[in-house]
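**Student:**
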Amino acid sequence: MNADECMETIKLTSRGGDSFELPYAAARLAHVVRDANDENDDGDIDSPEDVEILKVNSPCLEKVVEFLKHYHEEALTEIKTPLEDNTFEGNVKQEWYQNFLKGIDQPMLFDLVTAANFMAIQPLLDLTCLKVSCQLMGKSAEEIRQILNIPKLTPEEEETARRDHRWIFDD
Amino acid sequence: MPPKKKTKLTRRPSDDAAAEEVDPAVVNQLDDNVIAIIFSCLGPVDIMRMRRVCKKWRDAAKKTIVDHFCVDSVVNCNAMRVMATALPNLQQLSMCGPGHLHKYSDGEDPDEEMATAFAHFTTHDINIISNFRKLHRLNIDGAFMNGRYPTLFNFPLLEKLRISLCCSFKWELEMLSGFPSLRELDVECNRSLRGNIGSLAVLKNSLEKVKIIDCNNVVGNFMDLADFPQLKLLDLQRTAVTGDIGEISENDFLTWKNISFSQRL
């Protein structure tokens, strides 16, 4: 059977044991799902099976499944680099995808990045990475350390950085 | 009970979700390959700033595929010195020197500082460019190139090379053998370029576009390129290349779409 036309649904189960149901044809955007179902290069499968995603927690997997379902209906148009604009909305014009990441907190955003990477969902990885990139754009290292709560450099490290990057400080 | 830690952050009011206090573990969960993807949406100057954040981000920057950097100012000249080791995965490098800009008539040359910086760069630092092992495109436009720079002619992945308005840049067509993947060669106004067009035979299977214009020391017979299987465009205007159009048989130049020759034919 051709996986793209597969009408059956499967369940993805999170670390917390919650299951989320979706059509196999939508779920297979995640390469981890294809691999678990032994989908070959021609996209042929027998009968799709449920997949446990133990590295992803429930709230995050719920969000991922929401993405997969929608992507199957309306694919994300490719994000052009170099970026056209320095805002997320300027680069992602599709309203659904703009809203998808609107109002989510920073830990959830990073969870999504990690989940997209682990589940090998390229469009979700592109989208979430772009969101983070736009948050970082134009900010100084110190601002980013404060925002992301990263420990300060030791005085020696700071000295090296200043020496390496004198051109930034001169600017 | 430990004293309550008071953190006062100075931020711009426009910061949105990013402005919340975040558990450090959350940032640490991102692996450097993912951080490299995040960085690849940013310009080189932003990435250079990011790599100051911490060691992990510095390692991630090293893996980031950086699209394009243009050396066109004193600041960028200095930046490139660091970039050569900090962001080695650069895809495209442009060096746009002041050589092609006209001099200002009032005697004040606003490019003087830059000219000095470029002169210093080309004499002392140009070899660091060879650190960019993954370079795909190299543009040298009117840069302050004066002399021979053999280290510039060794990029295994280079696909497009453009060298224009570099009258004192001494090089030979034979040196192009250091670019085994070269598809497009675009050379304009290189009076100090020498060589026989036949030496391009080492790039026979990759070359799609050959444009050598205003290079009066380039010699040879264009028929040497007749059997290049990918070649679509050949432009040899104002060179010393010769050849007899009458020699072209129906099996030659099968893929060619556009040909311009020198007037000497």
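So the protein sequences, as listed, match chains A and B.
Residues 0 to 170 in numbering that gives the first Met the number 0 are what the first sequence lists, from first letter to last.
Residues 0 to 264 in numbering that gives the first Met the number 0 are what the second sequence lists, from first letter to last.
Heads up, the beta-carbon is just placed ideally off N, CA and C, and yes, glycines get one too.
Given the structure is predicted, the values throughout are model-derived calculations rather than measurements.
Here's the rule I'm using: 16 or more other beta-carbon atoms within 10 Å means buried, otherwise exposed. How should proline 150(A) be labelled?
**Tutor:** Here residue 150(A) refers to the residue found at position 151 when the first sequence is read from its first residue. It is exposed - the Cβ of proline 150(A) has fewer than 16 other Cβ atoms within 10 Å.
**Student:** For arginine 171(A), return the contacting residues in chain B, with the cut-off set at a CB-CB distance below 7 Å.
**Tutor:** With chain A represented from 0 up to 170, any question about residue 171(A) goes unanswered, as that position is not in the structure.
**Student:** Can you tell me whether DSSP reads valine 52(B) as helix, strand or coil?
**Tutor:** In the second sequence, residue 52(B) corresponds to position 53, counting from 1. Coil.
**Student:** Taking the straight line between their C-alpha atoms, what separation do you get for arginine 14(A) and alanine 115(A)?
**Tutor:** As a first step, residue 14(A) must be located in the first sequence, where it is residue number 15. As a first step, residue 115(A) must be located in the first sequence, where it is residue number 116. Those two C-alpha atoms are separated by around 15 Å.
**Student:** Checking the sheet assignment: what are the DSSP bridge partners for glutamate 38(A)?
**Tutor:** As a working note, residue 38(A) is residue 39 in the first sequence. None, per the DSSP bridge assignment.
**Student:** In whole angstroms, what separates the C-alpha of leucine 91(A) from that of leucine 157(B)?
**Tutor:** Within the first sequence, the letter at position 92 stands for residue 91(A). Within the second sequence, the letter at position 158 stands for residue 157(B). Note that residue 91(A) is valine in the sequence shown, not leucine. Approximately 32 Å, taken between the alpha carbons.
**Student:** Do phenylalanine 117(B) and cysteine 76(B) count as a contact pair if the criterion is CB distance below 8 Å?
**Tutor:** Numbered from its first residue, the second sequence carries residue 76(B) at position 77. Numbered from its first residue, the second sequence carries residue 117(B) at position 118. Yes; because the gap between Cβ atoms is below 8 Å, this pair is in contact.
**Student:** In this structure, does DSSP put leucine 202(B) in helix, strand or coil?
**Tutor:** Along the second sequence, one-based indexing puts residue 202(B) at 203. In this structure, leucine 202(B) counts as helix in the three-state DSSP scheme.
**Student:** So does the segment 95-103 of chain A actually touch the segment 47-64 of chain B, counting three or more Cβ pairs closer than 8 Å?
**Tutor:** no
**Student:** Can you list, in chain order, the residues of its chain whose CB lies under 6 Å from that of glutamate 20(A), leaving out five sequence neighbours each side?
**Tutor:** Your numbering for residue 20(A) matches position 21 in the first sequence. These residues qualify, in order along the chain: Thr8 and Lys10.
**Student:** Measuring CA to CA, which of Ile37(B), Met144(B) and Arg132(B) is closest to phenylalanine 120(B)?
**Tutor:** Position 121 of the second sequence, counting from 1, holds the residue named residue 120(B). For phenylalanine 120(B), the nearest C-alpha among the options comes from Met144(B).
**Student:** Could you tell me which residues DSSP pairs with proline 22(A) in its beta bridges?
**Tutor:** By one-based count along the first sequence, residue 22(A) stands at place 23. In DSSP, proline 22(A) forms a bridge with Thr8(A).
**Student:** How far does the alpha helix (DSSP H) with methionine 82(B) in it extend, from its first residue to its last?
**Tutor:** Taking the first residue of the second sequence as 1, we reach residue 82(B) at position 83. Where methionine 82(B) is concerned, the enclosing alpha helix (DSSP H) stretches over 73-85.
**Student:** Mind reading off the beta-carbon distance from glycine 194(B) to phenylalanine 221(B)? Whole number of angstroms is fine, and I expect it under 8 Å.
**Tutor:** What you label residue 194(B) is simply residue 195 of the second sequence in a count that begins at 1. What you label residue 221(B) is simply residue 222 of the second sequence in a count that begins at 1. No, glycine 194(B) and phenylalanine 221(B) are not in contact; Cβ-Cβ is about 14 Å, not under 8 Å.
**Student:** Output needed for aspartate 171(A): all residues of its chain with C-beta closer than 8 Å, excluding positions within five of it in sequence on either side, in chain order.
**Tutor:** Given a span of 0 to 170 for chain A in the structure shown, any question on residue 171(A) remains unanswerable.
**Student:** State the DSSP-derived secondary structure class of asparagine 145(B), mapped to helix, strand or coil.
**Tutor:** Locating residue 145(B) in the second sequence gives position 146, where the first residue counts as 1. Three-state DSSP puts asparagine 145(B) in coil, outside helix and strand.
**Student:** How about valine 91(A): is its C-beta nearer than 8 Å to some C-beta of chain B?
**Tutor:** Locating residue 91(A) in the first sequence gives position 92, counting from the first residue. For valine 91(A), the answer is no, since every Cβ of chain B falls outside 8 Å of its Cβ.
**Student:** Looking at histidine 71(A) and proline 22(A), is the spacing between their C-beta atoms short of 8 Å?
**Tutor:** Here the question's residue 22(A) lines up with position 23 in the first sequence. Here the question's residue 71(A) lines up with position 72 in the first sequence. Contact: yes.
**Student:** When we look at the beta-carbon of histidine 101(B) and count the other beta-carbons within 10 Å, is it buried (16 or more) or exposed?
**Tutor:** The sequence position of residue 101(B) within the second sequence is 102, counting from 1. The predicted model places histidine 101(B) with a pLDDT of 43, which falls under 50 and marks its position as unreliable, so this point remains unresolved.
**Student:** How is the beta strand (DSSP E) around lysine 208(B) delimited, first residue to last?
**Tutor:** For this step, residue 208(B) is matched to residue 209 along the second sequence. For lysine 208(B), the enclosing beta strand (DSSP E) covers residues 208-212.
**Student:** Does the count of Cβ pairs from the segment 126-134 of chain B and the segment 87-97 of chain B closer than 8 Å reach three?
**Tutor:** yes
**Student:** Just to confirm before moving on: does the CB-CB distance between arginine 48(B) and serine 132(A) stay below 8 Å?
**Tutor:** Residue 48(B) sits at position 49 when you count from the first residue of the second sequence. Residue 132(A) sits at position 133 when you count from the first residue of the first sequence. The answer is no: Cβ separation not under 8 Å.
**Student:** State the CB to CB distance for the pair leucine 230(B) and leucine 206(B), rounded to an integer number of angstroms; the pair is presumed to be in contact (CB under 8 Å).
**Tutor:** Translated into positions along the second sequence, residue 230(B) becomes position 231. Translated into positions along the second sequence, residue 206(B) becomes position 207. 6 Å between Cβ atoms; contact.
**Student:** With respect to the alpha helix (DSSP H) encompassing asparagine 1(A), which residues constitute its N-terminal and C-terminal limits?
**Tutor:** For the purposes of this step, residue 1(A) is taken as residue 2 along the first sequence, with counting starting at 1. Annotation: asparagine 1(A) is outside any alpha helix (DSSP H) and is labelled neither H nor E by DSSP.
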